[in-house]
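These notes are about the structure you will find just below.
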Amino acid sequence: MNLTPLRFTVNGKPCAVEVPPGSYLLDVLRDNLGQLEVKEACDEGECGACTVLVDGEPVDSCIYFCAQAQRRAVTTAAGLAEGDTLHPVQQAFVDHGAVQCGFCTPGFVVAAAALLDENPSPTEAEVRTALAGNLCRCTGYTNIVRAVVAAGERATEDPIA
Amino acid sequence: MNGVGAFHEPSTVDEAVTLLAGSPDAVPLAGGTDLGVQIRRGKVRPTALVALHKIDDLHRLAVAGDEVVIGSGVTHRRIERSAIFDGALVALREACETVGAVQTRTVGTIGGNLANASPAADTAPVLLAFGATVDISGPTGNRNVGVDQFFLGYRRTALSAGDIITAVRCPVSTTDAGSAFLKLGRRRAMEISISCAAAFVQLGEDGETCTAAGIGLGSVSPTAIRATAAEAVLIGNPVTDELLRAAAGVAATHCSPVDDIRATAAYRRQVTRVLVHRVLRLALDRAQTRGKGTPQ
Amino acid sequence: MPEPECEDRRHVGRPVVRGDAIAKVTGQFEYGVDVSKPGMLHAKVRRSEIQHGLLRRVDVTAAKAMNGVHAVLTGGDIGDFRASRFVRDEPILAKDRVRYHGEPVAVVAAETPAIAEAAAALIEVDYEPLPAVNSVTDALAPDAPLLHPDWESYWAAPVVRRSGNILNHASLQRGDVDGIFAGAARVFEDTYVTQMVHQASLEGRVAIAEVEPGGGVHVTSSHQYPFGLRQDLSDILHLPLESIRVSATGHGGGFGGKLYAGVEPYCVLLAQHTGRPVRLAYTREEELIATSPRMGATVHLRTAVDASGRLLARDATVHYDCGAYSESSPVVVGIALLALPGPYRWEALRVNSYAVYTNKANCGSFRGPGAPQVVFAGESQLDQIAGELGVDPLRLRLDNAVRDGDLGPTGQVLTGVSLTETLHRAADAIGWTEKAGANRGKGLACCWWTTTGGPSSAEIRVGGDGNVVLVTGATEIGTGAVEAGLVQICADELGVSPDVISVRSADTATTPYDMGAQGSRTLFQAGNAVISAAADLRSQLLAATAADPGTATSLAGLARLTGKELVGTGTYTAPPTAFDESTVAGAALGAFNDPSFSTHACEVQVDPDTGEVRLERYVAVQDVGRVINPTYAAGQISGGAVQGIGQALFEDLHYHDGRVANPNFTDYKLPTIADVPPVETILVEQPSIHGPYGAKGVGEPSIIPAAPAIANAVADAVGVRVRELPITGERVMRAQ
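Here you go:
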């Protein structure tokens, strides 16, 4: 099997891999790069557990070829926090009980972070539209919506903004 | 380990066509939101992928003269966000907003949605209703085909080996036109429709007579279809709700739905009548509002 | 330095943040799928391509010859290894016949998952097809083929009543049912059908087994019940219990789907054969075609009432379509006896509940097992009765609701009853008396549910530095019961901050016994064990200070003084609930322990032209006895309600031509965030007798009343009664 060399960054860190040309980003992130925070649950772009940001936009990494990420910036849930300071979305998930089993959480927090980048103070309806590609089987979504809306309010209150 | 032995990233259309024509088991890759699934499931087993994302030409999105040119690589997300689809062509934005979820729309493209030729492709009925055409480049040169000539059968298109879609062209409408898209499924997101319908309606100077109409239907035939017989009911006539109902009835009669896991054929036919009536009503209301409003 | 014991802080009842929250939001939390072991091989199951047939030949020559393949095992290569806990009817690899599409026929262990998959595909299997039994009706036909011709030879738990294709017949008989029906003012008779739905935990089944130097096996699994799994492995593989260690990993969801041996026996066998650690993870497709979903059911329901709407008697026949093998079905169908009558007063009851074999994947336990099917029937029919008699459905329920001191369906004396309060709170929240708009309707439905018993144990270790380690066999499957609830109880019982408590849980070698995360029991049973362990520690401190008043006044101080860790131990087993044993047969569960009561109410908008149902508002009121953690109690209720909404409106594991037609998340439609409104949760506190601080089990009930609440709202909106789930637009149109 011929391998193709690929370069991209993961959470700001440059990565170089040599992988089969048809490799999916999810598999390379988990198997080659040890980014186990990226979860696999459906393998066909239906559940969003594997969501990562590519150049800031959410994609389902299970059906996204790694080669499509060539020279781009990949962000996972592990790359949202700055040092010990959680991303506002992550903190809101903690504070509002939006985490139960947590398997969907890494996908949710990156998708929500991308939403807040584009729309710093989303309404409940906007949150539901933006996160419709992320399935959660535990929470019934109530606390997830609450958390993201709250994180948005927090973001707009931030004096730096 | 899926058998894909090469991943090409041509930077021109010619280069892409040459690569595809030279390798019968190579397939073009746009966003990959469907192809990625098909390969995962083993339904498609290409030996090489020819990714189109590095071809600048395929990313243009602009009004050029009397048409809107949408490069085949334009994502659903870009269409959602583009002001070009604020007006008479809003149905395309509405269709794009219902494709999968944000993750799908971020990478999924309009060209891919057409080439994939699912009978449930959300953008296809809209482009049919618009009377849009597609630019195709291939080993035999370039050609332009109406979207109504593009779908040949269940997941079969006018594309031959080595062909790629380079752009979609939608006629720019006058101010007194309106469009709409409606989709019915079990869920409100991540949904393959049970039935979907798009309408484009243009009114004459009297604000009542339909001078042009387009009706596209999805998920009710082996391909997305244009309901020309239903359009004929409208064209040249003053539009009344009764006329819209009559057109919807014709559209529902002329589709050929099947039973599947999502719904029965009978239900599809029943709701297609409802959707077509509603989508015409919406498009008409928009046309009338736009006709009364300030010209763009 | 102030001792932590001096802090006057109470944590029970407050929204303390769970200990694993930060690891989960940053993605650092380790799940079963994230675990790997050095030298690990990967397994793949080869599954039957046909629904029913005799196995003629299984040829593994080509698979074995593949580079990188270490072992291939078929039914012929292994002993008589059979599951399950109540009827031992399932060879873990098919021996002479296959009984469902997807049944394991062989397993492969190889260097990589890809090699294992390729090798499994190379196995040649010849079948001689047999006629298939596709439904309960097929299975009970006079000339139906027997799925298990040797059924009489199987070991079965004594409570199970079997006969041919009937895997268990559970029955309840109380009072003069026929006499009351004969004299009743009105009799209502309807049939309701529910579909097969899947737990669909986002993390599928996954385990690793390794053989340890002494010959024992160590199994690491994303499992809800490590001690039960150890017993299963011992029973199935004929291994001494003490030679098996099971460590539960972090959980990506269970909901009852990970209570029995699944992938683990294959891992153990392959590890024994290869001497290498072996990992097996199911794909989504395998999860959906060959694990243990909720069985579909047909409920034939007759109810006798007087002219005023007083409920008199119920007579029900329930057939559960249980698939090819038993798993937990024999027990699950017994739960119908208690769930079907609901929390109402009856003069007489008769319920015949059958578990029936069919050529489908075996069904099993899914949150509130057995109940959603029959409660859909019972609560739907109550609204039909109310409608026919011109009585408000709320009034009908209030008038017939059980109250403290009433007897349950099997004669248990009910205490801590809060049904009427949940009804009032739900009605107030949804605005029951306000008329909904056009094509808009409101509905409500109730249920009662058990808090499952069984032993739990805990150990609390206090070091001289004041750090506390809580050691428990209980499993944190995501609810927060362990990572928040038990920690809060431990903190308050010891008078320390939750911050100094760390948890070690769910490992058969290093933690004391627990009956697993099932039946809404964890916080209730393990919480009591923690209270008991804390009491043990406090008595040690008292004894020390009594012996020498000058000695330490705190646990940490005492630990420093004695120079060793203090260890408090506690166990708890809830006392059995008394009931009239003469009323039931074939049921493992004869009463609901420390029952909880719930009412759900919702408002829907129905499109009269397409039948589409749009859920506009949803209220879930549940009696939790005593709130331990309001955030996570409400979170669990919200999650259960949305799973119930999934069964009501979206989900349907659908068989067509003998196989699952939608084995993926594209067509098995879980509710998305865009499909559901926020769940407005109201917690009622009517203390239980035995629960910690009066708590009741919380986890399961919220999935149960959703479907009938929605069906009742649809009927209120457009006058259409849908008696089959899910309530699709098409069914609404057809029912008009």
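Protein chains in written order, with this note's numbering: chain A, -12 to 148; chain B, 4 to 299; chain C, 15 to 750. Here a beta-carbon is modelled for each residue, glycine too, at the ideal position from N, C-alpha and C.
Open item on the list: Taking a contact to mean a Cβ-Cβ separation below 9 Å, would you say Ala130 of chain C touches Ala123 of chain C in this structure?
Closed with: Cβ atoms of Ala130 of chain C and Ala123 of chain C: closer than 9 Å.
Task: 9 Å Cβ cutoff, Leu684 of chain C in contact with chain A - done: It does; some Cβ of chain A falls within 9 Å.
Open item on the list: Using beta carbons (cut-off 9 Å, strictly below), is Val277 of chain B in contact with chain C?
Closed with: At least one beta carbon of chain C lies nearer than 9 Å to the beta carbon of Val277 of chain B.
Open item on the list: Which residues in chain C have a C-beta closer than 7 Å to the C-beta of Thr63 of chain A? List them in chain order.
Closed with: Per Cβ cutoff of 7 Å: Gly41.
Task: DSSP three-state assignment for Tyr632 of chain C, whether helix, strand or coil - done: The answer is strand: DSSP assigns Tyr632 of chain C an E or B state.
Open item on the list: Would the region 201 to 213 of chain C count as touching the region 475 to 491 of chain C if we require 3 or more Cβ pairs under 8 Å?
Closed with: Verdict: no, contact absent.
TODO: Taking the CB atoms as reference points, tell me whether Gly705 of chain C and Gly639 of chain C lie closer together than 9 Å.
DONE: Less than 9 Å separates the beta-carbon of Gly705 of chain C from that of Gly639 of chain C.
Open item on the list: Between which residues of its own chain and Met193 of chain B is the CB-CB distance below 7 Å, once the five residues before and five after are set aside?
Closed with: Once the five neighbours on either side are set aside, the close Cβ partners of Met193 of chain B are Gly103, Ala104.
TODO: Out of C:His25, C:Tyr168, C:Met80, state which residue places its alpha-carbon closest to the alpha-carbon of Thr126 of chain C.
DONE: The shortest C-alpha separation from Thr126 of chain C is found at C:Met80.
Open item on the list: Let me see if you follow: with CB-CB separation under 9 Å, is Asn130 of chain A close to chain C or not?
Closed with: Closer than 9 Å to some Cβ of chain C, the Cβ of Asn130 of chain A qualifies, so yes.
Task: Cβ neighbours of Gly625 of chain C in the same chain (closer than 6 Å, five flanking residues each side left out) - done: By the criterion of a C-beta distance shorter than 6 Å, Gly625 of chain C is surrounded in its chain by Gly743, Val746, Met747, once the five residues flanking it on both sides are discounted.
TODO: Return the chain-ordered list of same chain residues with a C-beta closer than 7 Å to the C-beta of Ile147 of chain A, the five sequence neighbours on each side being excluded.
DONE: Any answer about Ile147 of chain A is weak, because its pLDDT of 44 lies below 50 and its placement is not dependable; what the coordinates show is given next. For Ile147 of chain A, where only same-chain residues beyond five positions count, there are no Cβ hits under 7 Å.
Open item on the list: Quick check: the Cα distance between Ala548 of chain C and Gln55 of chain A, rounded to an integer number of angstroms?
Closed with: Whole-angstrom Cα-Cα distance: 57 Å.
TODO: Answer yes or no: does any C-beta atom of chain C fall closer than 9 Å to that of Ile197 of chain B?
DONE: Chain C has a Cβ within less than 9 Å of the Cβ of Ile197 of chain B.
Open item on the list: Relative to the C-alpha of Ser568 of chain C, which candidate in C:Gly477, C:Arg628, C:His614 has its C-alpha closest?
Closed with: The shortest C-alpha separation from Ser568 of chain C is found at C:Gly477.
Open item on the list: In whole angstroms, give me the CA-to-CA distance for Val345 of chain C and Cys616 of chain C.
Closed with: About 31 Å.
Open item on the list: Please tell me whether Ala135 of chain C and Leu684 of chain C are closer than 9 Å, where the distance is taken between their beta carbons.
Closed with: No. Outside cutoff.
- [ ] Would you grab the beta carbon distance between Gly658 of chain C and Ser716 of chain C for me? Rounded to a whole angstrom, and I think it's under 8 Å.
- [x] 7 Å between Cβ atoms; contact.
Task: Run of the beta strand (DSSP E) containing Lys58 of chain C, from where it starts to where it stops - done: Here the beta strand (DSSP E) through Lys58 of chain C covers 55 to 61.
Open item on the list: Here's the rule I'm using: 16 or more other beta-carbon atoms within 10 Å means buried, otherwise exposed. How should Lys26 of chain A be labelled?
Closed with: Counting the other Cβ atoms within 10 Å of the Cβ of Lys26 of chain A gives 16 or more, which makes it buried.
Open item on the list: Give me the subset of the region 77 to 88 of chain A whose CB atoms are less than 7 Å from a CB atom of chain C, sorted by chain position.
Closed with: Cβ contacts with chain C come from Gln77, Phe80, Val81, Gly84, Val86, Gln87, Cys88.
- [ ] Report the residues of the region 45 to 63 of chain B with a CB closer than 7 Å to any CB of chain A, ordered along the chain.
- [x] Answer in chain order: Leu52, Ala54, His56.
- [ ] Ignore the nearest five residues each way along the sequence and tell me which others in Ser14 of chain B's own chain have a CB closer than 8 Å to its CB.
- [x] Closer than 8 Å at the Cβ level, and outside the excluded window around Ser14 of chain B, lie Lys57, Ile58, Asp59.
TODO: Just the C-alpha distance for Thr429 of chain C and Ala588 of chain C, rounded to the nearest angstrom, thanks.
DONE: Answer to the nearest angstrom: the Cα atoms are 15 Å apart.
Task: Per-residue DSSP class, three states only, for Gly69 of chain C - done: For the sequence presented, residue 69 of chain C should be read as Leu rather than Gly. In the three-state reduction of the DSSP assignment, Leu69 of chain C falls in the strand class, which pools E and B.
- [ ] Classify Ala33 of chain B as helix, strand or coil using the three-state DSSP reduction.
- [x] For Ala33 of chain B, the three-state secondary structure derived from DSSP is coil.
Task: Extent of the continuous alpha helix (DSSP H) to which Glu44 of chain A belongs - done: Where Glu44 of chain A is concerned, there is no enclosing alpha helix (DSSP H), although the beta strand (DSSP E) it sits in stretches over 44 to 47.
Task: Min CB distance Lys26 of chain A to chain C below 9 Å - done: True, the Cβ-Cβ gap to chain C drops below 9 Å.
- [ ] Please go through the same chain and pick out, in chain order, the residues whose beta-carbon is closer than 7 Å to the beta-carbon of Ala120 of chain B, but skip the five residues on each side of it.
- [x] Taken in chain order, the residues that qualify are Phe154, Arg158, Arg159, Thr160, Thr226.
TODO: Return the first residue and the last residue of the beta strand (DSSP E) that Asp335 of chain C is part of.
DONE: Residues 325 to 337.
TODO: Can you say whether Cys20 of chain C is buried or exposed, counting buried as having 16 or more other CB atoms within 10 angstroms of its CB?
DONE: Only weak support exists for where Cys20 of chain C lies, its pLDDT of 38 falling under 50; the coordinates are left without a value.
Open item on the list: I'd like to know if Met15 of chain C contacts chain B, where contact means its C-beta is closer than 9 Å to some C-beta of that chain.
Closed with: Its pLDDT being 31, under 50, Met15 of chain C is placed unreliably by the model, and the measurement read from it follows with that caveat. For Met15 of chain C, not one C-beta of chain B is nearer than 9 Å to its own C-beta.
Open item on the list: Let's see if you can read the secondary structure: which residues bound the beta strand (DSSP E) around His183 of chain C?
Closed with: Counting along the chain, His183 of chain C sits inside the beta strand (DSSP E) bounded by residues 180 to 188.
Open item on the list: With distance defined between alpha-carbon atoms, name the residue in B:Lys295, B:Ile238, B:Thr112 nearest to Leu64 of chain B.
Closed with: It is B:Thr112 whose Cα lies nearest to the Cα of Leu64 of chain B.
- [ ] Classify Phe(-5) of chain A as helix, strand or coil using the three-state DSSP reduction.
- [x] Here Phe(-5) of chain A sits in strand by DSSP.
Task: Identified DSSP bridge partners for Ala311 of chain C - done: Beta-bridge partners assigned by DSSP to Ala311 of chain C: C:Thr208, C:Tyr334.
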